[in-house]
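Here this note's numbering is used: the first residue of the sequence shown is 12, the next is one more, and so on.
Inspection log for the structure reproduced underneath, given as structure tokens.
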Amino acid sequence: MDDKSRPDRREKRPPRPLNGARLEEMALAYVARFAVSESKLQSYLARKFRERGWEEEGADVPALIDALVARFVSAGYVDDASYARMKSGSLLRRGYGQRRIGQALGQDGIDETIRAEVTPDQGAARAAALAYARKKRLGPYAREGALADPAIRQKQLGAMLRAGHDMGVARAILDFAEVESAEEWVAQAQDAAAREAGRTVWDW
12 MDDKSRPDRR EKRPPRPLNG ARLEEMALAY VARFAVSESK LQSYLARKFR
62 ERGWEEEGAD VPALIDALVA RFVSAGYVDD ASYARMKSGS LLRRGYGQRR
112 IGQALGQDGI DETIRAEVTP DQGAARAAAL AYARKKRLGP YAREGALADP
162 AIRQKQLGAM LRAGHDMGVA RAILDFAEVE SAEEWVAQAQ DAAAREAGRT
212 VWDW
């Protein structure tokens, strides 16, 4: 029989059970490759334990995982506040509003106090809404006359709300007939937020 026609009888070996050293190596590789929250790291390690088991019988693996995650937090390998700022900024740039951002951070196990700290100001919220409208061709980016149709306007409003924008911002975006006016509306809020934070365009 031709070698190529022979069935491959090699069985895939099951992965080696975990121990303390392998668990830490796995955790280090994970945080080196991905930006993760404390909760995401804990969930990842717990899943790997369920998949592979533990080398020694009787070990309190959940407690070992908790201790390892706490050590990574203490060492600065995992920082929920930094993670929240990074993810919030990424979602804002993609055009998502605060509600969607809060939901995403909550799913990642970010504490409510930290979520509140990364709430976008009005300038950032408006900029994100306009970015979403640009991406989806809504409001001033829609074809001329489209929003005169109540059904189309309602559909576009629903899209803005599902993206996490509040009703007032969503309606304001759809009221603009010209992109330039919408951009000025965004800039006004950004300037106001900068003044409130004590950092104007003249600060060095």
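Just so you know, even glycine gets a beta-carbon here, dropped at the ideal spot from N, CA and C.
- Message: Nearest by alpha-carbon distance to Arg137: which of Gly156, Arg182, Tyr94, Ala157 is it?
- Response: As a first step, residue 137 must be located in the sequence shown, where it is residue number 126. Looking at the Cα atoms, Arg182 is the closest of the given residues.
- Which same chain residues, not among the five before or five after Gly64, have their C-beta less than 8 Å away from its C-beta? What you label residue 64 is simply residue 53 of the sequence shown in a count that begins at 1. Pro28, Leu29.
- Thinking C-beta only, is Ile125 closer than 8 Å to Tyr92? Counting from one through the sequence shown, the residue named residue 92 turns up at place 81. Counting from one through the sequence shown, the residue named residue 125 turns up at place 114. Note that residue 92 is Ala in the sequence shown here, rather than Tyr. Yes, these two residues count as a Cβ contact at 8 Å.
- Item | Helix, strand or coil at Leu149 [DSSP, three-state] | For the purposes of this step, residue 149 is taken as the residue at position 138 of the sequence shown. In this structure, Leu149 counts as coil in the three-state DSSP scheme.
- Ser101 classed as buried or exposed, judged by whether at least 16 other C-beta atoms fall within 10 angstroms: Walking along the sequence shown from the start, residue 101 turns up at place 90. Exposed is the call here.
- First and last residue of the uninterrupted alpha helix (DSSP H) at Glu194: As a working mapping, residue 194 is identified with position 183 in the sequence shown. Residues 190-207.
- If you follow the alpha helix (DSSP H) that Ser54 is part of, which residue opens it and which one closes it? Mapped onto the sequence shown, residue 54 falls at position 43. Element bounds for Ser54: 49-63.
- Message: Tell me the residue span of the alpha helix (DSSP H) that contains Phe187.
- Response: Taking the first residue of the sequence shown as position 1, residue 187 is located at position 176. Run containing Phe187: none; DSSP gives neither H nor E here.
- Between the Cα of Lys146 and the Cα atoms of Pro161, Tyr107, Gly117, Gly120, which residue gives the shortest distance? Position 135 of the sequence shown, counted from the start, is the residue given in the question as residue 146. Closest option to Lys146, Cα to Cα, is Tyr107.
- Item | Beta-carbon proximity of Arg164 to Leu172, cut-off 8 Å | Counting from one through the sequence shown, the residue named residue 164 turns up at place 153. Counting from one through the sequence shown, the residue named residue 172 turns up at place 161. Cβ distance not < 8 Å, so Arg164 and Leu172 don't count as in contact.
- Candidates Leu168, Pro73, Ala198, of which the one nearest Lys59 by Cα: As a first step, residue 59 is located in the sequence shown; it is residue number 48 there, counting from the start. Cα-wise, what sits closest to Lys59 is Pro73.
- By Cβ distance, which residues of its chain are closer than 8 Å to Glu57, with the 5 residues on each side in sequence left out? In the sequence shown, residue 57 corresponds to position 46, counting from 1. In the sequence under discussion, the amino acid at residue 57 is Ala, which differs from the Glu named in the question. Hits under 8 Å: Pro73, Ile76.
- In chain order, what residues of the same chain have a beta carbon less than 8 Å from the beta carbon of Asp177, not counting five sequence neighbours either side? Here residue 177 corresponds to residue number 166 of the sequence shown, with the count starting at 1. Excluding residues within five positions, the ones whose Cβ falls inside 8 Å are Gly108, Gln109, Arg110, Ala136.
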